[in-house]
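Take a look at the structure set out below.
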Amino acid sequence: MDEESFYELTAELSISTGLEDIGYHKLLDDRLQPVMKSNKGKITQEDWIRHHMDNPVLLANNSILIELLSTKKKVCIKDASITSSSDMDSFTVRSVYMFPLIVDENVIGVLPIVSIGVATILEDATLIECEKIILKYKNIFG
């Protein structure tokens, strides 16, 4: 993966959303595989990867991922305290905007944009802008 392009992508998304914790996960077998995280935010890449290795996010046990995989569309949890899960509680994720990464009509990974510690409500226009930004960089994931 082209790190420079990934960091450009996350910088553009951060400017649009005001959120800095953005990570790329591949779908690997039955779980999420952390690949790369924005170089800003409240969680370091090392802690992020370590946490995912110690506490794997299994696709079959995660309603957000089940919905995303079945619809191939973004899933937005604007206030995670209402739909709390151990996956989100461990990082004190309070909002998550999960975008599918699609290559040849297959979801190959996800790009969650998360708010740590406080819920952040993103407007529909912002989410559409995020989709356009991700589409612009889609080749770095294929």
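Letter 93 of the sequence shown, counting from 1, is numbered 110 in this note's numbering, and no numbers are missing. All C-beta atoms, glycine included, are put in the ideal place defined by N, C-alpha and C.
Sheet register partners of residue i (DSSP bridge)
i	result
I39	I130
F116	L128
M53	Y41
Neighbourhood of residue i by C-beta, 6 Å cutoff - its chain only, sequence neighbours within 5 removed
i	result
V52	Y41, K43
I66	P51
G159	V120
E29	I150
Distance, residue j Cα to residue i Cα
i	j	result
D96	Q62	24 Å
E128	H68	Note that residue 128 corresponds to Leu in the displayed sequence, not to Glu. Roughly 17 Å between the two C-alpha positions.
D19	Y114	23 Å
Y154	I94	24 Å
L76	D47	6 Å
N156	I125	12 Å
F23	N123	20 Å
E146	K59	23 Å
Burial state of residue i (16 or more Cβ within 10 Å)
i	result
D38	buried
S87	exposed
S98	exposed
L118	buried
I32	exposed
K149	exposed
V90	Strictly speaking, residue 90 in this sequence is Lys, with Val absent from that position. By the neighbour-count rule (16 or more Cβ atoms within 10 Å), K90 is not buried but exposed.
Nonlocal neighbours in the same chain, by C-beta distance under 8 Å from residue i, ignoring five residues either side
i	result
S132	L36, D38, V110, R111, S112, V113
Neighbourhood of residue i by C-beta, 7 Å cutoff - its chain only, sequence neighbours within 5 removed
i	result
V92	I81, E84, L85, M115
T27	I39, S55
Sufficient close CB pairs (3 or more, under 8 Å) joining the segment 132 to 145 to the segment 76 to 86: Touching, no.
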